[in-house]
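Notes follow the structure.
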Amino acid sequence: MFLMFLFVLFISSYIPVVKTFNLDIISPGLRIGPPKSLFGFSVVSSSNKQQWAYVGAPRALLTRQRSSTVSSNSSETIPNGRVFGNIFECPNGTDECRPILIEKELSEAMPSFHNVLDDAWLGSSLIATSDDSLVTCGYRLMRNISIDRYDTRGACFKVSSDHHDVSYYDFCEQSFETELLHEGSALCQSGLSLAYIPSGGRSDIIAFGEPGAFQWSGRIEADYSDTLLRQLYTYKSASSTPLPYSYLGYSVLIIKSKSQDINDRSYIFIASAPRASNGRGEIRFYTKRFVSTNNFGYDTLQTIFQINNSNHSIPYVLTGEQLGSYFGYSMTAGDLNGDGYTDLVISAPFYYSKRPSYGGAVYIYYGLNGKFSNDRRQILFEPPIHSRFGFSVACIHDLNKDGIDDLAISAPGEKDDVHTGSVYIYLGSRTNELTKHAQKIVPSQLLMNSKQTTIINDFGFSLATQSPFKHSTIPTSSSSSIVSSNSTIIIDYPSLIIGIPKADMIVHLRSHPLVNVNVRIENKKELQAIRYSAENRRCKTIDGTPVVCFDVRLCFDSNDKLAQSLIIIYTLTADALSTIRRILSTVNHLPTITNKQVLNTCENQTFITKNGNDDYFTPIHFSLVYNVSQDRNDLRGKQFILEGNIPMINATEEERTKKFQANFYKGCGNDDKCITDLQLTAEFVNGQKTLNLSVLGIDSEIRIRLNLSNVPSEPNRRKADPAFGTKIDIYFPTFVQFSQAIMDDTTYSFQSIHRNHVRCKMTDLFNKPFPPGKYAITELVFTLSNVSLSNILHFEFNSTTLTDETNLDNNNVTLIAKVLLKTDLSLTAEHRPEQVLVSGDGTLGLSSIKNLDQFGMEVTHIYTIINNGPNSVRSHNVTIFWPYETLDNESENGKILLYLIEEPIVEISSTLTSTGTKIDGHCERLPIWRDHIHILDLLNHTSSINRHRRDEQNVDSAIDSKTSLIVTITSPISPPMDRSLNLTCDPTYRNVRCYPIYCHIKSLSAQNYYYIKLRARLWNSTLIENYFDTYDRVNIQSFASIHINDLLIFQTSTDNDNATATTPAEFANRSDKIIVPRLPLWVPLVGAMAGLILLVFIVIVCCLLGFFQRTKAPPLKKKPTTLTLDGTTTNSSSDEHQRILLRQTYRQPINIPSSATNSFNDENYHSQQTTIPLIHSIPEVPSTDNHDQDIDEDEEDDELIQNNLGNQSDIEEEARFPVEDDDDEYSMKMNDRLVDGESINQSMK
């Protein structure tokens, strides 16, 4: 099935439908001449020979002998000769064209031919007289008249019908004019244009144009039945002859004057001067007059005059309208309105109009008894600019057999695909106005039918019409034929010859016999009420879906006997006026079908509705184009005698196009006219219809409810009619996605048309109309996918129907919603250090500052910007007002408060740093504040210049003041302040001079933050001078605020959009001033040296006095008994030990520690003072246990000391903690009281 469909489609596309009138473009006759010869520059048809043409080729070779024929399929070449120009004859029935002239014949006819140069352009103009004699000219022919002197007179030759005799026209050979050169006729360029008219005498009348004569004023000459007629130039009057450079004779024409006297055979010679009248162009009229002087007379051409309104005789002239349009470039004549008078056609191919776009104009002057005026004139404009419309014109003798001549106009510059050129055919009309062209011939049509691949330019450069011919054939009843007694039919079917010199080609388009054909739609009544209900869907589509179908019955009728058994080829197009084709043919399932049908028969063509069609209201417009089939297979066996003379339909292309329509049954009242009134409303589901809709995030849903009703618009009106093809078109932003539609009637459907366009079809599965009294509710669900383009949502709803509506105002609804992404951007502030204490008695001037430390303490204000979410902020600004100076009403500048030491810094948080995220932002200040950071550098520069001019006293006082400026950082807990002052940049109560700092941040994602740090120095001098005596505390505050540039962001809270960073500066109380003197470095150095010198001096003195020498004790003869503290004696061993301890005790003073450092209390101390007796020397009692010893006391002491050194620690321990002896109570008490001097010293320390 599918292969059959493709086959039928291929056959339908291959069969050509002739879009022409009576000129056959299906089988054109193509003739090709010698290459690069400009073959086709001029063309003319034979008057006696059927389909016989003569062609001029001004660049062809002029050979010395006869050459063979030139054929488009022949490989033969013309023998070598001189490039002089030639003419060719192209017989009927072949594609051969042969040259006519040879050099020998021309040299015999022209006496001075031996002086003629090449490139004469012979054949640039060509005519064929009534006896088939040819006249051709070469207007560029040059002759050598003397040494290095040439003329351009041109030359014309007349060739007999048998081509054996050649004669030469000697127009410009007068000797006195030869010496005038360009002021005479030496450059006359004779034969630039030619014209002839049959005279009925022994020869025809021929006119020659000579535009170069008399300094290019121009003139015309004529061969009037072998009598030379010349326009006289003896008067040299502008009234009878145009001014120089007018080019009179550029185009010539001869017409026959027709008056009430039928025997009047006078002729009018018409010559154009396209550059006369200051470039607008003129058409002048001349006639034959006999002139006699001094008993001598001759015939000449004389200007035709007319009487103007002032009763003056003036030349009869037609003037062009536009400068440079070349009015009169080409001319032709014929009866275009059928009134019996000759009408004049004059072209202006270079006429220019940009708006509207026209490239060329053709003026038609409808004649009245040989007179022409602007009152009876029509101007034809057709192709666009640069087309050269009217480059060549030719009247065709009654192409459509209505008794009126027709007109062919060429436009060789009009574009046609890769080709250029076209020919327009206009049919004459009795209304004195030619309507739109009946046929347009372009080279692409001809090449397609002739299977040529040549690129054609300047198609229509020259035109000529074929003379009528006679032929014997079968009798017909056509009005265009006259049947003679011997069954010879005089058939007047002209043809057209088109010259294409750039392609060296001519095209011969033949005409055909005409037949009258009538077309009928036999079932036209049934086509006005096609049923579309489910029971009428008797046809099926390719996939088997039932659809509505109907038949169109075509009938082609003709009563002409010549039309019997003709095959009609036609193209039928359904729904021709609709862009969306609803109707398809069952043959090829396309809206257009091409088919063949025998004349005088009827056939059906079945059409179906396209699946899914819901338009059953709009009429179905059909277009039928038909013609006689040119297929040779269809013509085989037909009774046509001459091949190629197939009859054609006597109608133009427009007349061969029949249009009709079919309608579906509507059921709307008695008149079948449907009138309804759809009403559409829309609202957001939450009831908000204006700019109040807030969407929380880009994934939020938007729900819209639509309500469509079909009710009568007026209460008194009849019931509403069905609304055919009802649709609701919904348009929404591109960043909104359509999710779904919830409809109360499930038979309705939605379809996506475009990215931001969906359509609701309010018809059921069988596409029934929206019924009257129906209410349909639809809820639409949309999802936001991206809101980066705009924060305003526009929803447009439009309900349409094919039924006529009484009110369209309630069919369109627009909803606007504002999208807001909620987020919370907060701003907090902090300062470092937390508190600053300022005290001092003096101040420093600005000029005395040497470094930043002399300004004051460094402080830092930190602002933290936090995006609490849930959405990101794409762009926002932070504006910080910095307290720079105090306000001074008497001076423009105040005193510095906080001095920035660097540009503000934007730092990201640790969270962003760990993820590698960067903050794209920066802070900037106005240019007037940029130098404040570098103020110290400027001061140092000024100080270095004025260093030698300072006063010494001012320097000393500055140093004294510097020693008293004390700033200390105290703990956060400070005594309560009695008096405080706020110096703030808050705009609501600003009392200091502040300058703004603008920070621009591009993006900050949710749950992230960053810092803005500002480092500055506190100006102590300002605080001491202005506020030290008045306030106890000064709070210096900077102010910051946030502004979000993103229109999509909605701040849920604006309370935290502002923040203030405060630097608290406290003054120490006057009674509690903490002064830490700052001593010079030399003071401690000198003191240390003096102490060292004094120490050395004391040591020397002590040494000299023997202070450091040891004193020996007196010798002991007996060991004395030592009395202990409690009054008892010790044994011998303990006595020795006590003696040593007592001796050491005497050498060291006993220091009694104070109560603050002693471990025992005052009571124990006093008890000790009262109970401890003094130690006295007791007479030694000889011990009974020891023998007398004769050892020296000193030696004995030394030995005892040496023996006891190792046990010193034990002795000390015994002294501190004596060992109790139960047997000796006295010894135990003595040990309790025994304290050595060293232990006492250590305890004191």
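Quick note on our numbering: the sequence shown kicks off at 1214 and runs consecutively. In this text, a Cβ means the ideal position worked out from N, Cα and C, and glycines have one as well. Here the structure is a predicted model, which is why all the values come from computation and not from measurement.
(request) Could you name the residues that DSSP lists as bridge partners for residue 1335? (result) In the sequence shown, counting from the first residue as 1, residue 1335 sits at position 122. Looking at the DSSP output, residue 1335 bridges to 1298.
(request) Give the DSSP-derived three-state secondary structure of residue 1490 in the structure shown. (result) Looking up residue 1490 in the sequence shown gives position 277. Helix at residue 1490.
(message) Can you look up residue 2313 in the DSSP assignment and give me helix, strand or coil?
(response) Within the sequence shown, the letter at position 1100 stands for residue 2313. Here residue 2313 sits in helix by DSSP.
(message) Would residue 1832 and residue 1777 be called neighbours here (beta carbons separated by less than 8 Å)?
(response) Taking the sequence shown and counting its residues from 1, one reaches residue 1832 at position 619. Taking the sequence shown and counting its residues from 1, one reaches residue 1777 at position 564. Their beta carbons are not under 8 Å apart, which means residue 1832 does not touch residue 1777 by this criterion.
(message) At the level of alpha carbons, what is the spacing between residue 1868 and residue 1732?
(response) If you number the sequence shown from 1, residue 1868 lands on position 655. If you number the sequence shown from 1, residue 1732 lands on position 519. Approximately 11 Å, taken between the alpha carbons.
(message) For residue 1402, would you say it is in contact with chain C, using Cβ-to-Cβ distances shorter than 8 Å as the test?
(response) The structure shown has no chain C; it contains just one protein chain.
(request) Taking residue 1605 and residue 1673 to be in contact with their CB atoms under 8 Å, please state how far apart those CB atoms are, rounded to whole angstroms. (result) Locating residue 1605 in the sequence shown gives position 392, where the first residue counts as 1. Locating residue 1673 in the sequence shown gives position 460, where the first residue counts as 1. About 6 Å; that satisfies the 8 Å criterion.
(message) Considering only DSSP beta bridges, list what residue 2035 is partnered with.
(response) In the sequence shown, counting from the first residue as 1, residue 2035 sits at position 822. Answer is 2263, bridged to residue 2035.
(message) Counting C-beta neighbours from all protein chains within 10 Å, is the total for residue 2281 16 or more, i.e. buried, or is it exposed?
(response) In the sequence shown, the residue the question calls residue 2281 occupies position 1068. Burial call: buried.
(request) Look up residue 2277 in the DSSP assignment and give the residues it is bridged to. (result) On the sequence shown, residue 2277 is found 1064 positions in, with the first residue counted as 1. Paired residue(s): 2248.
(message) For a quick check, are the C-beta atoms of residue 1351 and residue 1425 less than 8 Å apart?
(response) In the sequence shown, the residue the question calls residue 1351 occupies position 138. In the sequence shown, the residue the question calls residue 1425 occupies position 212. No, the Cβ-Cβ distance between residue 1351 and residue 1425 is not below 8 Å.
(message) Buried or exposed, going by whether 16 or more other CB atoms sit within 10 Å of the CB of residue 1233?
(response) Residue 1233 sits at position 20 when you count from the first residue of the sequence shown. Unreliable placement is indicated for residue 1233, whose pLDDT of 47 sits below 50; the coordinate value is still reported in the next sentence. Buried is the call here.
(request) Could you tell me whether the stretch 1482-1492 touches the stretch 1595-1615, where touching means 3 or more Cβ pairs closer than 8 Å? (result) no
(request) For residue 2209, name the three-state secondary structure that DSSP assigns. (result) Indexing the sequence shown from 1 puts residue 2209 at position 996. Residue state, collapsed to three classes: strand.
(request) Would you identify the three-state DSSP class for residue 1423, choosing helix, strand or coil? (result) Numbered from its first residue, the sequence shown carries residue 1423 at position 210. Residue 1423 falls in the strand class under three-state DSSP.
(message) Just to confirm my understanding: we take residue 1903, look at its own chain, exclude 5 residues before and 5 after, and list those with CB closer than 6 Å. What are they?
(response) Stepping through the sequence shown from its first residue, residue 1903 is reached at position 690. Residue confidence for residue 1903 is low, a pLDDT of 47 falling below 50, so the modelled location carries little weight; the figure read from the coordinates is stated next. Excluding sequence neighbours, residue 1903 sits near nothing in its chain.
(request) Using DSSP bridges, identify the partner residues of residue 2228. (result) For this step, residue 2228 is matched to residue 1015 along the sequence shown. DSSP output for residue 2228 lists 2073 as bridge partner(s).
(message) With a threshold of 8 Å, are at least 3 pairs of Cβ atoms found where one atom belongs to the stretch 1747-1765 and the other to the stretch 1809-1828?
(response) Cβ pair count under 8 Å is three or more, so yes.
(message) On the DSSP letters alone, give me the boundaries of the beta strand (DSSP E) that residue 1916 sits inside.
(response) Taking the first residue of the sequence shown as position 1, residue 1916 is located at position 703. Per DSSP, residue 1916 belongs to the beta strand (DSSP E) from 1914-1923.
(message) Tell me which residues share the same chain as residue 2079 and place their Cβ nearer than 6 Å to its Cβ, disregarding the 5 neighbours each side in the sequence.
(response) For the purposes of this step, residue 2079 is taken as residue 866 along the sequence shown, with counting starting at 1. Taken in chain order, the residues that qualify are 2039, 2222.
(request) Return the first residue and the last residue of the beta strand (DSSP E) that residue 1623 is part of. (result) Here residue 1623 is taken as the residue at index 410 of the sequence shown, counted from 1. Unbroken beta strand (DSSP E) run through residue 1623: 1619-1623.
(request) Grab the span of the beta strand (DSSP E) containing residue 1708 for me, first residue to last. (result) Counting from 1 along the sequence shown, the entry for residue 1708 is found at position 495. Residue 1708 -> no beta strand (DSSP E), and no H or E assigned at all.
(request) Decide if residue 1879 is buried, meaning its Cβ has at least 16 other Cβ atoms within 10 Å, or exposed. (result) Taking the sequence shown and counting its residues from 1, the one referred to as residue 1879 is at position 666. Buried is the call here.
(request) Ignore the nearest five residues each way along the sequence and tell me which others in residue 1708's own chain have a CB closer than 8 Å to its CB. (result) Locating residue 1708 in the sequence shown gives position 495, counting from the first residue. For residue 1708, where only same-chain residues beyond five positions count, the Cβ hits under 8 Å are 1236, 1258, 1264, 1678, 1679, 1721, 1722, 1723, 1724.
(message) In chain order, what are the residue ranges of uninterrupted beta strand (DSSP E) at least 3 long that sit wholly in the stretch 1803-1830?
(response) Every beta strand (DSSP E) stretch that sits fully inside the stretch 1803-1830 and reaches 3 residues is listed by chain position as 1805-1811, 1814-1822.
(request) Between the Cα of residue 1830 and those of 1744, 2041, 1569, 1757, spot the shortest distance and give me the residue it belongs to. (result) The sequence position of residue 1830 within the sequence shown is 617, counting from 1. Ranking the options by Cα distance to residue 1830, first place goes to 1744.
(request) Just grab the DSSP bridge partners of residue 1303 for me. (result) On the sequence shown, position 90 is the one that residue 1303 refers to. Residue 1303 is bridged to 1266.
(request) Enumerate in chain order the residues of its own chain whose CB-to-CB distance from residue 2192 is below 8 Å, with the five nearest sequence positions on each side excluded. (result) If you number the sequence shown from 1, residue 2192 lands on position 979. Contacts found: 2243, 2244, 2245, 2246.
(request) Figure out for me which residue from 1595, 1614, 1669 has the closest Cα to the Cα of residue 1648. (result) Here residue 1648 refers to the residue found at position 435 when the sequence shown is read from its first residue. Of 1595, 1614, 1669, the residue nearest in Cα terms is 1595.
(message) Can you look up residue 1794 in the DSSP assignment and give me helix, strand or coil?
(response) The residue labelled residue 1794 in the question sits at position 581 within the sequence shown. The answer is coil: DSSP assigns residue 1794 none of H, G, I, E or B.
(message) Tell me the rounded alpha-carbon separation between residue 1423 and residue 1792.
(response) As a first step, residue 1423 is located in the sequence shown; it is residue number 210 there, counting from the start. As a first step, residue 1792 is located in the sequence shown; it is residue number 579 there, counting from the start. Distance between the alpha carbons of residue 1423 and residue 1792 is about 58 Å.
(request) Give me the Cβ distance between residue 1888 and residue 2016, rounded to the nearest whole Å; I'm assuming they're in contact under 8 Å. (result) Taking the sequence shown and counting its residues from 1, one reaches residue 1888 at position 675. Taking the sequence shown and counting its residues from 1, one reaches residue 2016 at position 803. Right, their Cβ atoms sit about 7 Å apart.
(request) Express the C-alpha separation of residue 2320 and residue 2428 in angstroms, rounding to a whole number. (result) Translated into positions along the sequence shown, residue 2428 becomes position 1215. Translated into positions along the sequence shown, residue 2320 becomes position 1107. Because residue 2428 carries a pLDDT of 42, less than 50, the predicted location of this residue cannot be relied on, and the following value inherits that uncertainty. Straight-line Cα distance between these residues: approximately 30 Å.
(message) Can you check which of these residues, 2279, 2109, 1332, is closest to residue 2477 by C-alpha distance?
(response) It is not possible to answer for residue 2477, since the shown part of the chain is limited to 1214 through 2458.
(request) Could you give the DSSP three-state label for residue 1360: helix, strand or coil? (result) Counting from 1 along the sequence shown, the entry for residue 1360 is found at position 147. Here residue 1360 sits in coil by DSSP.
(request) Identify every residue that forms a DSSP beta bridge with residue 1592. (result) Translated into the one-based positions of the sequence shown, residue 1592 becomes position 379. Paired residues: 1576.
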